[in-house]
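Asker:
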Amino acid sequence: MRKVLFTPLLLFLLIGWVYLDIEKGVKEADAAKQSSYHYADFQMYNAGQDLYDSLFSDIQNAKEYIYIHFFIIRNDEISNKFLALLEDKAKLGVDVKLSTDRMGSFLFKKSMRERLRKAGVQFTFSGKPTLPHFFYTLQNRNHRRITVIDGTTAYIGGFNMGKEHLDQDKRVGHWEDYHFRISGDGAQEMERQFLLDWKNNTGDSFPVHTSFPINGYTFYDYLFTDGKGLAERYQDWIMKASHSIVIASPYFIPGKKMVDELLEARKRGVAIKILVPLNSNFPMIKQAAYPYLRKLLKHGAEIYLYQNGFFHGKLLSIDGKYVMTGTPNFDTRTFYLNKESVCSIYDGPIIAEIQKKLQDEFQMSMRISDTYFDDLNIWERFLERTISIVSFYL
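Laid out in structure tokens, this is it:
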């Protein structure tokens, strides 16, 4: 009898410890760093092959330094081609630093790291779990994508490095995403964040290069968050919306506060459109979104399910005039746990391109009916209720 009672008690205490550890870790995390404004030229990539062609070309043309962080680097053909390019540049004397998230790239083998080291590429894992807040640091993933080349070119967006982005994963099929090449002012700020992360991971400090890039035509800023600041930025944008809000995200688990903010916008008469994938690349993620989508649908939001493969884009559009993009998903992990790279765009020709692309995405998607969630089968309903218990950490 004692054993029967003892096991649930231990489980309860463990869950409580994890929750308190993460809560305390979030509170002690560095405050989000507010960026300055920049002007640059943007180029958008929605297909992995197009992005890799551009990125690999920029790597080959690099003269001084290449700093790159991906959340995920696979051990596959395209990833090994990417690593070989970095090795070649390092052998030519280019300063090459590469990092990747410890959990995101758990298959990044020691042999791959040794190969980089021998070629002169400096490598580190990011997001190693540490004490005293083990569970918080375990959850606090470095979800950023950062690329800086010679102080004039930067990349930000949702793609990682792997064959799935070339539509070679049969489970997800076509992979749709948003990634941006930014040339002009602002690369120095992204470099500064990369080096801050590098110092946190290795203890080694490096100065930010001096660069004098030519300004472009798009007005934007960066926000690099570490478990703080992003939810407030989203809420601020939502509060300012006067007629429309468009949210596109592969994972939609916004939490009560964010949903309440969206419902307030609906009360003001703001139209809300939400785009999520029909099928997820992780189990039970879509069921975790159901309670939030249900509520928003009930209050007049339009919900669309992307059907042309897997949608991984991350976008918030306000009144068709402003766009927030980069690495953030529309979920609580993003708002309160992960390290994210955010790009807010206020003016410039890229906004019209993004709006046009979003229109195309919605046309390839299915708008769900008001009774969609009422018609779910018993298994879907069970998963929805079960997964909601731990949805904050998904």
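Mapped onto this note's numbering, the consecutive letters of the sequence shown carry residue numbers 25 to 418. Think of the CB as a built atom: it goes at the ideal place given N, C-alpha and C, for glycine as much as any other residue.
#1: Entirely within the segment 131-175 and at least 3 residues each: give me those beta strand (DSSP E) ranges in chain order.
#2: Tell me which same chain residues have a C-beta within less than 6 Å of the C-beta of Tyr275, skipping the five on either side of it?
#3: For the beta strand (DSSP E) that Pro301 lies in, which residues bound it at each end?
#4: Short check: CB of Ala289 to CB of Ile271, under 8 Å?
#5: Beta-carbon separation of Tyr370 and Phe183 under 8 Å?
#6: Any idea if Phe130 is buried or exposed, counting beta-carbon neighbours within 10 angstroms, 16 or more meaning buried?
#7: Only counting the same chain, and skipping five residues up and downstream in sequence, which positions put a Cβ closer than 7 Å to that of Gly337?
#8: Apply the 10 Å Cβ neighbour rule to Gly350 and answer buried if 16 or more other Cβ atoms are within range, or exposed otherwise.
#9: What three-state label does DSSP hand Thr103 in the structure shown?
#10: How is Ala53 classed by DSSP in three states: helix, strand or coil?
#11: Pick from Ile83, Gln73, Glu285: whose alpha carbon is nearest that of Arg257?
#12: Which parts of the segment 169-215 are runs of the beta strand (DSSP E), unbroken and 3 residues or longer, counting only runs that do not cross its ends?
#13: According to the Cβ coordinates, are Ile173 and Ala108 closer than 8 Å?
#14: What's the gap between the Cα of Ile402 and the Cα of Thr395?
#15: Can you give the Cα-Cα distance for Phe66 and Ile170, rounded to whole angstroms?
#16: Would you report the Cα separation of Leu361 and Leu254, rounded to the nearest angstrom?
#17: Thinking just about the alpha-carbon of each residue, which of Leu339, Val347, Ile296 is nearest to the one in Glu326?
#18: Check whether the Cβ atoms of Ser412 and Leu382 lie closer than 8 Å to each other.
#19: Are there 16 or more other CB atoms within 10 angstroms of the CB of Glu213, so buried, or fewer, so exposed?
#20: Quick one: residues in its chain with C-beta nearer than 7 Å to the C-beta of Glu404, no 5 flanking neighbours on either side, listed in chain order?
#21: Can you check DSSP and say which residues form a bridge with Lys121?
#22: By how many angstroms is the C-alpha of Ser266 removed from the C-alpha of Arg292?
Answerer: According to the data block:
#1: Fully enclosed beta strand (DSSP E) runs of 3 or longer: 146-150, 170-173.
#2: So the qualifying residues of the chain are Ile309, Asn353, Asp355.
#3: Residues 295-301.
#4: No, they are not a contact pair.
#5: For Tyr370 and Phe183, no; Cβs fall outside 8 Å.
#6: Phe130 is classed as exposed because its beta carbon has fewer than 16 other beta carbons within 10 Å across all chains shown.
#7: Excluding sequence neighbours, Gly337 sits near Gly182, Glu200, Asp201, Tyr202, Ala272.
#8: Gly350 is buried by the Cβ-count criterion.
#9: Note on identity: in this sequence residue 103 is Ser, with Thr being the wrong assignment. Correct three-state label for Ser103: helix.
#10: Note on Ala53: pLDDT 44, under 50, position unreliable in the model; no value is reported.
#11: Put simply, of Ile83, Gln73, Glu285 the residue whose alpha carbon is nearest the alpha carbon of Arg257 is Glu285.
#12: For the segment 169-215, whole beta strand (DSSP E) runs of length 3 or above, ordered along the chain, are 170-173, 177-181, 203-208.
#13: Cβ atoms of Ile173 and Ala108: not closer than 8 Å.
#14: Their backbone Cα atoms lie some 15 Å apart in a straight line.
#15: Roughly 15 Å between the two C-alpha positions.
#16: Cα to Cα, Leu361 sits roughly 10 Å from Leu254.
#17: Out of Leu339, Val347, Ile296, Ile296 has the C-alpha closest to the C-alpha of Glu326.
#18: In this structure, Ser412 sits away from Leu382, with a CB-CB distance that is not shorter than 8 Å.
#19: Buried: at least 16 other Cβ atoms inside 10 Å.
#20: Listed in chain order, the non-local C-beta contacts of Glu404 below 7 Å within the same chain comprise Gln311, local neighbours out to five positions each way being set aside.
#21: DSSP, once it has assigned bridges, lists Tyr91, Gln146 as partnering Lys121.
#22: Cα atoms of Arg292 and Ser266: separation of roughly 8 Å, rounded to the nearest angstrom.
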